[in-house]
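Novice: Heads up: the sequence shown is residues 1437 to 1738, going by my numbering. From the three backbone atoms N, C-alpha and C, an ideal C-beta is built for every residue, glycine too. If you scroll down you'll find the structure; I have some questions about it.
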Amino acid sequence: MEKLMEKDKGKFAIEQAFRGTPDATDLVSVRRQFAEEIGWTRLLKNQRVLEAFANVPRENFLPKGPWLVYNPSVGYIETPSDDPRHVYHNTRIALDPERILNNGEPGLTASVMDYAEPKEGEKVVHIGCGAGYFTAVWAQIIGEKGQVTAIEIDEELAERAKQNLKELPNVNVISGNGAFEKFEGADIIVMSAGTNRLQRNWVESLNDGGRLLVPFTLSDRWGQLLRVTRDGDRFTSEFMKGEGVTYYELQGARDDYLEKQIKVSLEKYGWDFKGRIYLTSEPKADSVWLNIPSEELSICVE
C-alpha cells in the first residue's frame, strides 16, 4: 500500500504540472516553444532540426488523446485531457502500452538528427519509423528536394505510418525488416531501434560522405549512438558523447557472442574513441573493438 501511495503521489504531481501548463494562443506557439526548449536543453546546432520540430504536429502521429505518458519510475500516466498541448514536452508517449512501445523522447531524437548533420536535398533511410512522427520531422529537415525511405517491421505500425505520412510526397513507407535491406545511394541511414551488430549492407549503402547512425545497445537496451561516416572507400566511426541511449530492440540484429566482445572492449577502451571500419574478417589493425565475422566487418580503435 505504501508503494502504491508513493506512485499515486508521483502521478498527482505530474497531473498537476499538466494542469498548470500556461495558455497559448494557438498550437503554432506551443510547438515553437517546444522546439526552442529542445534546442536550448540539447545544445542543437542545426537550425533545420529546430524548425522541423516547430512545424510537425506530434499529435497527428499518436493515438487519440488522452495520452499515456511513460516514465520509467512509475510507468504510464494518463494526461488529464486530450488537449494537444500535453504532447509538447520531452516525454515518451505510448503507441502500444502493452509492449511498452512508445513514441520516444523528442530531445534525444533531435540530438541524433543534429549529430547526423543533415542537409537540404539529402536521401534519408529511417529504420524503425513507428507511426511516423520522427520520419515526418526528417522529411521537413531535408525538404521537398530530399527523399525519406521509412521502414517499419510491425505491420500495424507500418500501416499507421503510411496513413499518417501519405500527404508527404518526399516520403516512402515500407513494411519490412530494415536489418536486412540494402539501400543504394543513402546520405543518411538512421535507426530508431537498438542493436549490437553493425551490418555490412548498411555501411555499403552509404553515398560518399554519407552517415550511418546506429544505437549500439546491450541486452538491457542501454548503450551509445554510433556514427559511421564514409569517405570514398574509407569508413570512420565514433560514438556520440554525453548521455547514453535506450532503444527498443531491432529485430534480427543481436548476437550474444558479440555482446561478450563488446563488454570486454568497453573495459579496455570504453566508448570514447575514434574508430575505423574495415570490411574484412581479418583486420590488420592491432586494436579491434568488435569483430563481426558473419559480416566480414570490424570496428577498430585508431
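(1) Alpha carbon to alpha carbon, how far is Gln1635 from Phe1489? Give it in angstroms, no decimals.
(2) Below 8 angstroms on the Cβ atoms is my guess for Gly1566 versus Asn1539; work out the distance and round it to an integer in Å.
(3) Please state whether the Cβ-Cβ distance between Tyr1683 and Arg1657 is less than 8 angstroms.
(4) Closer than 8 angstroms by C-beta to Gly1711: which residues in its own chain qualify, once you throw out the five before and the five after it? Chain order, please.
(5) Pairing CB atoms from the segment 1592-1609 with CB atoms from the segment 1649-1669, are three or more of them under 8 angstroms?
(6) Could you say which of Val1485, Thr1571, Ala1594 lies nearest to Asn1606 if we only look at CA atoms?
(7) Is Ala1567 helix, strand or coil by DSSP?
(8) When the distance is taken between beta carbons, is Ile1474 closer than 8 angstroms to Gly1557?
(9) Can the beta-carbon of Val1492 be found closer than 8 angstroms to that of Asp1550?
(10) Give me whichever residues DSSP pairs with Lys1559 in a beta bridge.
(11) What residue range does the alpha helix (DSSP H) around Trp1476 cover?
(12) Note down, in chain order, each residue of its chain lying with its Cβ closer than 6 angstroms to the Cβ of Phe1470, except the 5 sequence neighbours on either side.
(13) Taking only three categories from DSSP, how would you classify Glu1620?
(14) Where do the N-terminal and C-terminal ends of the beta strand (DSSP E) with Ile1735 fall, by residue?
Specialist: According to the structure data:
(1) Stepping through the sequence shown from its first residue, residue 1489 is reached at position 53. Stepping through the sequence shown from its first residue, residue 1635 is reached at position 199. Taking the straight line joining both Cα atoms gives about 30 angstroms.
(2) Working through the sequence shown from its first residue, we reach residue 1566 at position 130. Working through the sequence shown from its first residue, we reach residue 1539 at position 103. Cβ-Cβ separation between Gly1566 and Asn1539: approximately 6 angstroms, consistent with a contact (criterion under 8 angstroms).
(3) Locating residue 1683 in the sequence shown gives position 247, counting from the first residue. Locating residue 1657 in the sequence shown gives position 221, counting from the first residue. The answer is yes: Cβ separation under 8 angstroms.
(4) Your numbering for residue 1711 matches position 275 in the sequence shown. If we look at Gly1711 and ignore the five residues flanking it on each side, its Cβ neighbours are Thr1672, Ser1673, Glu1674, Trp1725, Ile1735, Cys1736, Val1737, Glu1738.
(5) Contact between the segment 1592-1609 and the segment 1649-1669 is absent, because fewer than three Cβ pairs lie under 8 angstroms.
(6) The residue labelled residue 1606 in the question sits at position 170 within the sequence shown. The shortest Cα separation from Asn1606 among Val1485, Thr1571, Ala1594 belongs to Thr1571.
(7) Within the sequence shown, numbered from 1, the residue matching residue 1567 stands at position 131. In the structure shown, Ala1567 sits in coil (DSSP, three-state: anything other than H, G, I, E or B).
(8) For this step, residue 1557 is matched to residue 121 along the sequence shown. For this step, residue 1474 is matched to residue 38 along the sequence shown. No, the pair does not count as a contact, with Cβ atoms beyond the cut-off.
(9) As a position in the sequence shown, residue 1492 is number 56, starting the count at 1. As a position in the sequence shown, residue 1550 is number 114, starting the count at 1. The answer is no: Cβ separation not under 8 angstroms.
(10) What you label residue 1559 is simply residue 123 of the sequence shown in a count that begins at 1. Answer is Gln1583.
(11) Mapped onto the sequence shown, residue 1476 falls at position 40. Start and end: 1463-1478.
(12) For the purposes of this step, residue 1470 is taken as residue 34 along the sequence shown, with counting starting at 1. The residues Tyr1524, in chain order, have a CB closer than 6 angstroms to that of Phe1470 in the same chain once the five nearest residues on each side in sequence are set aside.
(13) Along the sequence shown, one-based indexing puts residue 1620 at 184. For Glu1620, the three-state secondary structure derived from DSSP is coil.
(14) Indexing the sequence shown from 1 puts residue 1735 at position 299. Counting along the chain, the beta strand (DSSP E) containing Ile1735 begins and ends at 1733-1737.
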